[in-house]
Amino acid sequence: MLTGLTLTEARAGLAARSFSARELAKAHLDAIARLNPALNAYITVLPEETVLAQADAADARYAAGTAGLMDGLPIGIKDLFCTKDIRTTAASPILADFVPPYESTVTARLLKEGAVFLGKTNLDEFAMGSANTSSAFGATTSPWRRTDAPDVALVPGGSSGGSSAAVAAGLALAATGTDTGGSIRQPAAYCGIVGLKPTYGRCSRWGVIAYASSLDQAGPMTRSVTDAGLMLEAMAGFDERDSTSASRPVPAFHKAVGKSVKGLRVGIPTEYRAPGLPEDVLAMWEQGIAWLREAGCEVVDVSLPHTRYGLTSYYIIAPAECSSNLARYDGIRFGKRVDAPSLDAVYEASRAAGFGPEVRSRILMGTYVLSAGYYDAYYLKAQKVRTLIRRDFEQAFETVDVLLTPTAPSAAFAQGENQNDPVQMYLNDIFTVPASLAGIPGLSVPVGLNGAGLPLGLQVLGRHFDEETVLSVGGALEAAAGFAHRPTLHAGAGA
Amino acid sequence: MSYVIEGQTGQWEIVVGLEVHAQVISHSKLFSGASTTFGGDPNTQVSLVDAAFPGMLPVINHECVAQAIRTGLGLNAQINLTSRFDRKNYFYADLPQGYQISQFEHPIVGTGTIAIELANGETRSIGITRLHLEQDAGKLLHDQDPTKSFVDLNRAGVALMEIVSEPDIRAPEEAGAYLRKLRQILRYLGTCDGNMEEGSMRADVNVSVRKTGEPFRTRCEIKNVNSIRFVMQAIEAEAARQVEIWENGGTVDQETRLFDHTKGETRTMRSKEDAHDYRYFPDPDLLPLVLEQDWVDSLKAALPELPDAKRARFQQEYGITFYDAGVLVAEQAVADYYEAVARGRDGKLAVSWVTGDLFAALNRTSNTIETSPVSAASLGKMLDLIADGTINGKIAKEVFEDMVETGEDPEAIVERKGLRQVTDTGAIDAAITAVLDKNADKLAEYRSGKDKLFGFFVGQVMKETKGKANPALVNEALLARLNG
Amino acid sequence: MSLDLATTRRIAKLARIGLEDAELEATTQKLNSILGWIDQLAEVNVDGVPPMVGTETEALRQREDVVNDGNCRDALLACAPETAGPFYTVPKVVE
């Protein structure tokens with residue numbers, strides 16, 4: 001099955017001319033035509049001729065021996081990356097018809113390495129959510145089903161839920177995601193794929209629609225840890241147009257996978273053993289610890305005392321930044337405009353109609369925590385707690401090389417669950433948010449199924465700019481787990 | 001106390017602080033690579049960053065940072081090696097991002113001073129609170145359509161320096177002197193062209209009044225006043241308004257006002273109730289701005305001589321008065337011109353020619369010092385001709401007018417017109433003889449004691465020689481003949 | 001801390017998001033349920049701790065002062081919902 005390959009396998013096949021990039025692309029377009037109506041993983045699928053033209057160009061490069069890192073590999077692009085002349089919506093009504101006249105740095109790099117874009121994947125509106133239910137283009141449904149309730153539609157996680165569903169179901173070999181508080185790692189875990197949030201500053205944010213600037217980071221969502229390394233190599237690198245971009249060389253990340261992890265010290269944050277953590281999650285975590293021990297790692301307990309305040313700090317900082325970042329959607333220069341008699345009325349009507357409920361409430365929350373009289377108690381306090389959280393990690397990394405935690409506190413839940421309790425919904429991010437606040441890299445690796453047949457992921461966290469060690473440890477987990485499960489709905493099923 | 005308002009309840013003092021927005025001279029904008037040129041076609045000098053398209057990010061312009069530092073150094077101010085950019089959040093049609101990137105908590109330049117000089121010769125020192133960098137907004141056009149305002153973003157994102165003074169100003173005249181001095185310094189530094197008509201320098205004026213010795217009372221801010229004259233008028237009008245309110249038992253509300261120069265009064269723009277809540281917070285797209293002391297030192301070493309220093313030097317080096325030196329250094333181009341004329345020559349003579357005949361000629365021909373028809377080198381040469389006796393002062397006026405008209409070299413003019421001074425005593429004697437012959441009656445009067453007629457004879461002799469005679473020789477010879 | 005309806009209305013006004021009166025109550029309730037949870041932050045001792053501004057891995061990089069952008073009016077205006085000639089338009093603003 002061409003749709004079931006890893007990037008690495010597909011690239012080898014293309015290089016060996018076992019199949020053409022055109023065949024590979026066509027297989028994916030067929031899969032999308034068959035399954036996307038049920039999954040709604042793509043907001044925009046590119047026209048067949050556009051996709052095949054990209055594939056033909058890739059075939060020509062293989063023939064000429066000039067193929068790039070991602071040449072001919074069909075991938076999905078989260079609809080938060082601006083793509084030149086391709087509609088870019090952020091899953092929001094306010095950008096429903098926005099066609100950027102520019103290409104984001106990350107997607108431009110992928111194109112330069114020969115990647116074939118299939119389309120723009122679904123997400124929570126403006127990347128705000130953990131269930132992919134707030135998209136203006138409809139929710140994405142997970143390709144997975146519970147064995148005990150096969151008719152219940154589950155969430156693919158969020159916000160990069162379209163990407164995770166597409167990669168899991170064979171609608172793309174890989175996809176880009178963005179992660180602000182877990183938006184790559186949590187949907188990767190829910191869908192049984194690999195998701196890597198690199199160190200803040202590793203991938204340029206230029207042309208990526210901003211949610212919370214100090215946290216947003218792009219990364220790969222793939223079927224293997226090696227693929228994550230390979231795709232990150234293509235995406236990462238210094239960009240002079242992003243003042244927060246790190247001017248560091250990009251290592252050959254994929255070569256870190258398969259490196260021995262013998263002697264590495266793995267920290268287990270005691271505070272992550274939160275009360276109420278489900279048995280299956282806990283058991284999978286223990287299993288992961290055992291695997292790493294067997295691989296020669298030394299496992300030690302570490303303390304991250306301020307972790308428990310990570311989530312609350314995050315839900316101050318991210319809305320505060322978003323309230324400001326989203327002020328530019330005012331109906332004047334681009335996007336939706338609702339006509340009204342005065343300037344303020346145009347703003348209010350355009351933004352009321354243009355933003356969905358979750359985005360609106362985050363903007364309001366952010367406006368409130370920055371407003372006069374509340375700044376110190378909320379925003380400034382949260383930024384100080386953020387310092388403490390970062391120090392916790394730095395201290396831990398003085399004695400250990402990586403940390404191992406569950407990616408999410410549960411497996412995927414049903415659509416509609418947690419919808420009425422925002423705090424319950426936010427708790428999904430409890431294990432992913434602290435790393436976002438500290439800016440360190442985090443990788444989610446699928447390691448097994450729970451009792452209901454749903455995938456669970458473990459998270460490996462590392463030092464700033466030490467994605468390589470994270471990938472090595474992730475590779476060891478992957479090898480030990482041998483996760484080969486496919487979701488109920490996937491391109492190969494019944495074919 | 002020089003400026004007081006006589007109220008019914010006694011004398012009132014005014015307290016004024018100024019916030020000046022000075023557009024930074026740079027090729028490109030503060031955070032984008034779009035041009036800053038004034039007067040471009042609408043919306044052509046706009047990048048995706050300036051129009052705040054989704055995913056666009058700011059990258060700071062090094063030259064704007066350097067300009068702010070130079071200005072800080074010119075104001076004898078503290079340079080903050082670490083500063084930060086904050087977002088000032090509000091919605092307006094000229095503000096694409098929905099926030100202005102500014103420096104709120106940690107400005108690039110801290111406290112400094114400006115020395116101002118008043119008409120009576122007194123000098124005062126006005127404190128500078130801070131200087132920070134921020135983005136300018138776009139422009140709205142209200143007169144193009146009955147129901148719409150049009151938006152031009154060419155100016156959006158151009159770098160501004162906001163220069164905030166302490167509330168040290170006590171008279172409208174001081175406000176004027178402060179603005180003129182600040183503008184002069186900015187122009188010398190080449191950091192802002194100070195052109196208030198084009199809006200590259202604008203002032204917000206904070207005004208309050210108080211009885212002598214009292215603490216400060218409530219102030220009002222008059223926004224966006226665009227000429228020095230209007231600033232002075234606005235202060236007078238606003239202070240008078242406030243005095244009237246206090247004296248009638250009312251209270252002045254803290255608010256933002258506008259100055260209507262046609263009516264000569266201020267009016268409410270925004271009251272405190274609908275005051276903005278700007279929700280400042282550190283811009284997460286920008287890291288702290290950290291500068292090296294060595295770099296600051298190198299900027300300092302390369303600063304041009306500033307007006308106060310130049311004035312003192314001119315006084316000393318060229319022996320001219322404090323007043324004259326002040327006139328010369330008011331504009332750097334004038335100072336440079338003067339110096340080119342005066343160097344190695346009679347400085348006092350040079351100043352009288354530059355501020356007298358040259359200024360008058362520039363005025364008359366609608367020229368500026370930069371477009372002067374007479375170059376500093378030519379004027380200098382003319383002074384040399386006076387000094388070596390080739391021409392006298394009177395002929396020099398004629399030569400100068402010719403230079404203004406033709407732009408020719410003074411020597412060429414002297415030759416062409418045959419204006420070389422007559423120093424031949426024989427020729428002068430002949431002229432004297434001719435004059436005395438024609439004026440026997442006047443000669444008699446003179447000899448009978450009417451000494452005042454001496455001037456008449458000098459004039460006649462000069463006329464006889466077509467003005468070219470050396471006046472000293474004429475005096476000497478005439479005196480000998482009249483008294484002989 | 002908790003919000004009342006008037007505060008929600010003021011915040012919505014600041015954020016320029018039009019809220020119907022009917023939405024006001026539900027919005028206030030939702031914000032309050034989040035704020036109630038966020039208030040646990042009060043128990044953290046942050047004495048002497050500096051705020052973390054961004055991730056602060058490097059000092060701010062500066063670009064050369066060259067004009068290398070702009071001159072793309074057509075592409076920009078093509079994205080706008082309403083324009084007049086070379087301008088963006090808004091309902092008439094009175095200053």
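Chains as they are written, first to last, in the UniProt record's numbering: chain S, 1 to 495; chain L, 1 to 484; chain A, 1 to 95.
Quick reminder that beta carbons are idealized off the backbone N, C-alpha and C, glycines included.
Everything numeric in this text was worked out from a predicted model, so none of it was measured.
Spanning the alpha carbons of D227(S) and G195(S) requires a straight line of approximately 10 Å. Look at Y347(S): its C-beta is under 8 Å from a C-beta on chain L. In the assembly as shown, Q217(S) is a buried residue. Its beta-carbon has 16 or more other beta-carbons within 10 Å. Going by DSSP, G264(L) is part of no beta strand (DSSP E) at all; its letter is neither H nor E. In this structure, D179(S) keeps its C-beta atom at 8 Å or more from the C-beta atom of W206(S). Following the DSSP letters along the chain, one finds Y88(A) inside the beta strand (DSSP E) bounded by residues 87 to 91. Taking a cut-off of 8 Å on C-beta distances, the region 162 to 169 of chain S touches the region 31 to 45 of chain S, as three or more cross pairs fall below it. Judged by DSSP secondary structure, I38(A) falls within the alpha helix (DSSP H) whose first and last residues are 21 to 38. Around A431(L), the same chain offers V461, E464, T465 as residues with beta carbons nearer than 6 Å, after the five sequence neighbours per side are excluded. Distance from the Cα of T71(L) is smallest, within the candidate group G194(L), E238(L), F91(L), for G194(L). Pairwise C-beta distances place the region 438 to 448 of chain S out of contact with the region 156 to 165 of chain S, as fewer than three of them are shorter than 8 Å. The Cβ atoms of V302(S) and T399(S) lie closer than 8 Å to each other. In this structure, V106(S) and V257(S) do not form a Cβ contact; the two beta carbons are roughly 21 Å apart against a cut-off of 8 Å. Rounded to the nearest whole angstrom, the CA to CA distance from G380(L) to V341(L) is 5 Å. Between the region 346 to 355 of chain S and the region 381 to 401 of chain S, the count of Cβ pairs shorter than 8 Å is below three; the stretches do not touch. Beyond the five residues adjoining it in sequence on each side, F322(L) comes within less than 7 Å, by CB distance, of Q315 in the same chain, given in chain order. Closer than 9 Å at the C-beta level to chain A, one finds these residues of the region 142 to 165 of chain L: H142, Q144, D145, P146, T147, K148, S149, F150, V151, D152, L153, N154.
What Y200(S) touches in chain L, judged by beta-carbon distance under 9 Å, is nothing: the nearest beta carbon there is about 10 Å away.
Within chain L, not a single residue places a beta-carbon under 9 Å from that of T27(A); the smallest gap is close to 19 Å.
Residue state for I209(S) is assigned as coil, using DSSP reduced to three classes. Sorting L133(L), A51(L), R84(L) by C-alpha distance to the C-alpha of A78(A) places A51(L) at the top. Per DSSP, the continuous beta strand (DSSP E) segment holding P74(S) begins and ends at 74 to 78. G192(S) has a beta carbon lying at 8 Å or more from every beta carbon in chain L. E125(S) and C191(S) have their alpha carbons spaced roughly 19 Å apart. In this chain, S163(S) is not harboured by any beta strand (DSSP E); it is covered by the alpha helix (DSSP H) spanning 161 to 169. Going by DSSP, Y188(L) is part of no beta strand (DSSP E) but of the alpha helix (DSSP H) stretching over 172 to 189. Sequence-distant Cβ neighbours of S35(L) in its own chain, meaning closer than 6 Å and more than five residues away, are Q45. Within chain S, the C-beta atoms nearer than 7 Å to that of A51(L) come from R333, in chain order. A contact between stretches requires three or more CB pairs, one per stretch, nearer than 8 Å, and the region 309 to 322 of chain S meets this requirement with the region 365 to 378 of chain S. In the structure shown, C322(S) adopts helical secondary structure according to DSSP, grouped into three states. Distance from V44(A) to V385(S) at the Cβ level is roughly 5 Å; contact confirmed, criterion being Cβ atoms closer than 8 Å. Interface annotation, Q100(L): not in contact with chain S, CB-CB separation never under 8 Å. Sorting Q332(L), S378(L), L328(L) by C-alpha distance to the C-alpha of G356(L) places L328(L) at the top. Taking a Cβ-Cβ threshold of 7 Å, none of the residues of chain A is close to T469(S); the smallest such distance is about 18 Å. Residue environment: F216(L) is assigned as exposed (fewer than 16 neighbouring CB atoms within 10 Å of its CB, all protein chains considered). In the three-state scheme derived from DSSP, where H, G and I count as helix and E and B as strand, K310(L) is classed as helix.
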